[in-house]
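Student: Can you read through this structure? Questions will come right after.
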Amino acid sequence: MSAQVLTRRLTISDLQKKAINNEKIVMLTCYDASFAKVLDMAKVDCILIGDSLGNVIQGKDSTLSVSLDDIIYHTKCVKRGCQTPLIIADMPFGTSQVSPKKTYENAVKLLAAGANMVKIEGGEEMVATTAFLTSRGIPVCSHIGLTPQSVNTLGGYKVQGRDESAAAKMKQSALALQDAGATMIVLEAIPSALGEELSKILDIITIGIGAGAATDGQVLVLQDMLNIPPGKKAKFVKNYMAAAIANGGTDVLSAVELAVKEIKNGDFPSAEYSYN
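Below is the structure:
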């Protein structure tokens, strides 16, 4: 008799075991039920309903005007389309930069919509809020490095942590967020060496996007890796649609499966898609 395949949603504990066993974690963004089904079929570990929907779905030039209701709507759509990936919902601009109590109320709405965890951008300024949420049963994925919600403060979409003082501040923030109860952290657009160092000093799961290959996993914006729409992308984005077609693939599923394979094998990101 063949072994029965367990069909259930992955948990934080499942992902922690993967990280301990050096099994790379794959996270992709998604905003609707149809693509969620494809990601489920490709065995993606985590789906992020990112505020990147402001760019790739709504056609805006930043994420800043994405609302909580937008994220709630797309979270519900994604939840209906998949069975196994852990679902993470972004807290959009203005929903976590408020009091811890109000942030908690906003996060509760995202969990009620189907999210298993919320993602909060920011470093030490978000430590008290993170502690408030995690002590009340809200799992938190932190996000440091290039934080798109702070693009106006950062002066654009630039690599972060290149100088010694900025790197030291980032390490301090990451450790403080870990102590506050965050169980996962996204590291965006930082030098590979810093991504590796952060992954060594942290006990929580590290997910890189332009942070080198040493993190516990990788996240990419789905439309970017499918080259939708065609055009110039960030350095850390690989065109998996073109790569899949070159390997004989014919559809989106083959592109996502190739991304999953390369991330799991450690083939992505190579130096070509990383920062020095």
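Under the working numbering, the letters of the sequence shown match residues 88 to 363, in that order.
The C-beta atom is built at its ideal place from N, Cα and C for all residues, glycine as well.
Note that the coordinates shown come from a computational prediction; the quantities given were computed from them, not determined experimentally.
1) Go to C117, then tell me how far its beta strand (DSSP E) extends in each direction, as first and last residue.
2) Indicate whether D119 and T171 have their beta-carbon atoms separated by less than 8 angstroms.
3) Just to confirm before moving on: does the CB-CB distance between I225 and L198 stay below 8 angstroms?
4) Express the C-alpha separation of Q259 and A90 in angstroms, rounding to a whole number.
5) Would you check if the distance between the CB atom of M178 and the CB atom of V205 is smaller than 8 angstroms?
6) Where E110 and E192 are concerned, what is the direct C-alpha to C-alpha distance, given to the nearest angstrom?
7) Between which two residues does the beta strand (DSSP E) harbouring E275 extend?
8) Please tell me whether I207 and V227 are closer than 8 angstroms, where the distance is taken between their beta carbons.
9) Distance check for D250 and M88, CA to CA, integer angstroms please.
10) If we count the other Cβ atoms within 10 Å of its Cβ and call it buried at 16 or more, is G146 buried or exposed?
11) So, are the CB atoms of I136 and I158 less than 8 angstroms apart?
12) Just to confirm my understanding: we take T182, look at its own chain, exclude 5 residues before and 5 after, and list those with CB closer than 6 angstroms. What are they?
13) Could you check which residue in C133, E212, Q184, G168 has the C-alpha nearest to that of I174?
14) Only counting runs of 4 or more residues, tell me where the alpha helix (DSSP H) segments fall wholly within the segment 298 to 324, in order along the chain.
15) Please classify A277 as buried or exposed, where buried requires at least 16 other C-beta atoms within 10 Å of its C-beta.
Tutor: Reading from the atomic positions:
1) Careful: C117 lies outside any beta strand (DSSP E) and carries neither H nor E.
2) no
3) yes
4) For A90, the pLDDT reaches just 49, beneath the cut-off of 50, and the residue's location in the model is therefore unreliable, although a value from the coordinates is still provided. Whole-angstrom Cα-Cα distance: 46 angstroms.
5) yes
6) 34 angstroms
7) 271 to 275
8) yes
9) Low confidence applies here, because M88 scores a pLDDT of 41, under 50, leaving its location unreliable and the question unanswered by this model.
10) exposed
11) yes
12) L155, N193
13) C133
14) 309 to 312
15) Note on identity: in this sequence residue 277 is Ile, with Ala being the wrong assignment. With 16 or more other Cβ atoms within 10 Å, it is buried.
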